[in-house]
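Reviewing the structure listed below.
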Amino acid sequence: MTKLKEGDTAPHFIAKDQHGNTIDLDDYKGKKVVLYFYPKDNTPGCTAEACNLRDNYEALIEKGFKIIGVSADDEKSHQKFTEKYDLPFPLIPDTKKEIIKAYDVWGPKKFMGKEYEGINRTTFVISEEGKIEKIFTKVKTREHTNQILESYND
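Numbering-wise (the numbering used here), the sequence shown opens with residue 508 and increments by one.
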């Protein structure tokens with residue numbers, strides 16, 4: 508569970524995406540960013556989440572959102588994942604876990620009775636000014652776009 512809170516300044520990062528393009532969070536000033544962290548390419552929940560964001564990509568763009576995904580998978584894995592599911596947004600291969608740790612989403616997890624360290628599925632919506640506006644820690648992978656959009660219909 509992240510220690511970051513809504514209202515905090517989003518930790519800055521510069522990284523390469525799955526195609527080698529540089530992603531600098533500062534370049535997104537003036538836009539809302541959906542920065543989503545997920546455990547692993549090609550797993551059922553992560554695929555459902557990515558495809559949900561893909562299927563609703565135009566609706567998110569129309570509302571002014573830019574989408575960036577982050578996991579600890581490498582560039583090659585992200586390339587295959589993007590091609591297989593035709594994902595229209597950048598995925599950052601954070602193999603050194605620098606961004607993952609800056610956003611404090613790395614930690615203990617449980618699966619089938621076993622404890623291990625991994626990425627806790629978390630989404631941050633970053634405002635046009637670079638502040639964290641929303642944090643989703645209970646991500647509904649198949650309905651994630653609705654979670655995001657509904658939180659702005661208050």
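From the three backbone atoms N, C-alpha and C, an ideal C-beta is built for every residue, glycine too.
Own chain residues within Cβ distance below 6 Å of residue i, not counting five before or after
i, result
"H519", "L532"
"G625", "P546, K616"
"H585", "Q525, L598, P600"
Exposure label - residue i; buried when at least 16 CB within 10 Å
i, result
"P597", "buried"
"K510", "exposed"
"T629", "buried"
"T602", "exposed"
"G576", "buried"
"N450", "Outside the shown range of the chain (508 to 661) lies residue 450, about which nothing can therefore be said."
"D580", "buried"
Top-ranked residue by Cα proximity to residue i, from the options
i, options, result
"L503", "E650, A555, T589, L560", "In this structure the chain extends from 508 to 661, so residue 503 is not present and cannot be described."
"R649", "F544, K512, G527, P551", "P551"
"T516", "K523, A609, E590", "A609"
"K645", "A522, F544, T554", "F544"
"E635", "K591, G527, D534, E590", "D534"
"L656", "C553, M619, E565", "E565"
"K523", "I642, E605, C553", "E605"
"G514", "T554, K641, S658", "K641"
Rounded straight-line distance, which links the Cα of residue j to that of residue i
i, j, result
"N563", "P615", "31 Å"
"I530", "E556", "21 Å"
"G637", "N653", "23 Å"
"M508", "S578", "16 Å"
"L567", "V632", "12 Å"
"I502", "W613", "Shown here, the chain extends from 508 to 661; a query on residue 502 therefore has no answer."
"K647", "K536", "27 Å"
7 Å CB neighbourhood of residue i in its chain, flanking five on each side removed
i, result
"G571", "K538, K539"
"T589", "Q525, L598"
"N549", "F588"
"T554", "Y592"
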